[in-house]
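With the first letter of the sequence shown counted as 1, position 86 gets the number 85 in numbering that gives the first Met the number 0; the numbers rise by one all the way through. Note that beta-carbon positions come from the ideal geometry of N, C-alpha and C, so glycine has one too. Owing to the predicted nature of the structure, the values given are computational and were not obtained by experimental measurement. Worksheet for the structure shown next.
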Amino acid sequence: MAASHGKSQTLVYGGNVVTPYITGGGVSFSRETDMDETTAAGDDSRTYLKGMNGATMSVELLMDSVLIGYLETAYADTTAAGLAATFKPDGTRTYTFNAQLNNLNYDAPIGLNSISIDLQITGDVSYAAS
């Protein structure tokens, strides 16, 4: 298996290219599945049934006035479907989904200012290997 570098990643959210603002903290994309226990009394080992899927994303970004405009618009979005997003963690594999911006944090210390966001993915995540 060949290793990949995060410098090739791309992220588009709500039609806006977010990639140039991603910092060293990068992107954390997590997909999870509920596992419902089906173990019966008297069983010696636990058994599970795969349930519903979910996903979240966290992104660390450089603070920029253009980016702030994108993000404030996304944060104000109230559509149930959320905004469309495309993430390519290595520049080739593609994940496509809709997401709501549910956390927008501005960090302005003495030094480099940054923004962190959390996206709650809604609906299915599509995957394509390019």
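Taking C-alpha positions only, A75 is separated from T38 by approximately 44 angstroms.
CA-to-CA, the gap between I109 and A79 works out to about 38 angstroms. Under DSSP, the beta-bridge partners assigned to S115 are E59 and N104. Scanning its chain for C-beta atoms nearer than 7 angstroms, with the 5 sequence neighbours on each side dropped, one finds around T46 the residues T37 and T38, in chain order. Annotation: T32 to V124 spans about 12 angstroms, alpha carbon to alpha carbon. By the beta-carbon neighbour count (other beta carbons within 10 angstroms, threshold 16), Y20 is buried. Taking S129 as reference, the option from T95, G122 and A107 with the minimal CA-CA separation is T95.
Under the DSSP definition of a beta bridge, R30 partners with A54.
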